[in-house]
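Remarks on the structure that follows.
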Amino acid sequence: MAKIYSQQTSKKINLQPKDETISFLLNYSKALSVINYNKLKFEALLN
Amino acid sequence: MKTELIQDAALVSRYINGDENALSVLIGRHKQKIYSFIYSKVYDKDVTEDIFQDTFIKVIRTLKLGKYNEEGKFLPWVMRIAHNLVIDYFRKNNRMPKFDNAGEFSIFSVLSDSSLNAEKSLIKDQVESDVRRIIEELPEDQKQVLKMRIYQDMSFKEISERTGVSINTALGRMRYALINMRKVIEQNNIVLTN
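Chains as they are written, first to last, in full-length UniProt numbering: chain C, 1 to 47; chain B, 1 to 194.
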């Protein structure tokens, strides 16, 4: 039993997306604009 | 829980109305759940990152195009998108465990239908009727012992008591019954295998 207790617990993996991913998404969102023309919708990425 | 749902819905509508900060709050609130969900399926951090990104690109486009109509159910909706993208990923990479029967291991060798199919059940009937016919050819004393042993599942002790002969005689009759049956089968080239 002592052996089991002394065993290292597996490393906790940090399950979070990278900051770059989040910032990419926020920038993508800001850049994406939808243009309505008559009944049509056009997407435009404005960088 | 309810307040969170309302807040999500409110944030979604604020985002649709042009508040970019609302998206930041939504992502911040749910990123861990969504990321963990994807990771639990693909077990690869880079792939998880890609799918997470694609999920939110889809979310952003849908919201901006005004196609979102599941107010109050933001997280389940995003999870569904992530789930679909995970499936797409496996499909594209052909990593879905498939049992195509091409490898050494065949799943059908483990999983089999124990009931007989039509052909096998016909063969079984045929074999059984052949065996019965052969038994009828045996001398009466041997036939009696064999029927008691095989069809009535009696022990040799019971057979000896019933027929009034010793156990050894019953055993001998059974032995000769089998020898004679084999002889008949060989002589007539009868196939008794299913």
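Cβ atoms here follow ideal geometry from the backbone N, Cα and C, with glycine treated the same way.
Because the structure is a prediction, the values reported are computed rather than measured.
Quick one: Cα of V184 (chain B) to Cα of L192 (chain B), how far?
-> 12 Å
Is any beta-carbon of chain B found at less than 8 Å from that of K30 (chain C)?
-> yes
Does any residue of chain C bring its CB to less than 8 Å from the CB of R29 (chain B)?
-> It does not; no Cβ of chain C falls within 8 Å.
Kindly indicate the opening and closing residues of the beta strand (DSSP E) around K41 (chain C).
-> L40 to L45
Endpoints, the alpha helix (DSSP H) within which Y35 (chain B) is located = Element bounds for Y35 (chain B): E20 to V42.
Is the Cβ-Cβ distance between M174 (chain B) and V145 (chain B) less than 8 Å?
-> Between M174 (chain B) and V145 (chain B), the C-beta gap is smaller than 8 Å, which places the two residues in contact.
For V165 (chain B), the three-state DSSP class (helix, strand or coil) = coil
Does R61 (chain B) come within less than 8 Å of chain C when only Cβ atoms are used?
-> yes
When DSSP builds the beta bridges, which residues end up paired with I35 (chain C)?
-> C:F42
Would you kindly check if the distance between the Cβ of Y39 (chain B) and the Cβ of L15 (chain C) is under 8 Å?
-> yes
Output yes if chain B places a C-beta closer than 8 Å to the C-beta of I35 (chain C); else output no.
-> No, its Cβ sits nowhere closer than 8 Å to a Cβ of chain B.
Proximal chain C residues relative to F52 (chain B), where beta-carbon distance stays under 7 Å = P17 and T21
Closer than 8 Å at the beta carbon, the chain C residues around K41 (chain B) | Within 8 Å Cβ-Cβ: nothing; K41 (chain B) doesn't reach chain C, min ~12 Å.
What separation, rounded to the nearest whole angstrom, lies between the Cα atoms of N36 (chain C) and S23 (chain C)?
-> Straight-line Cα distance between these residues: approximately 27 Å.
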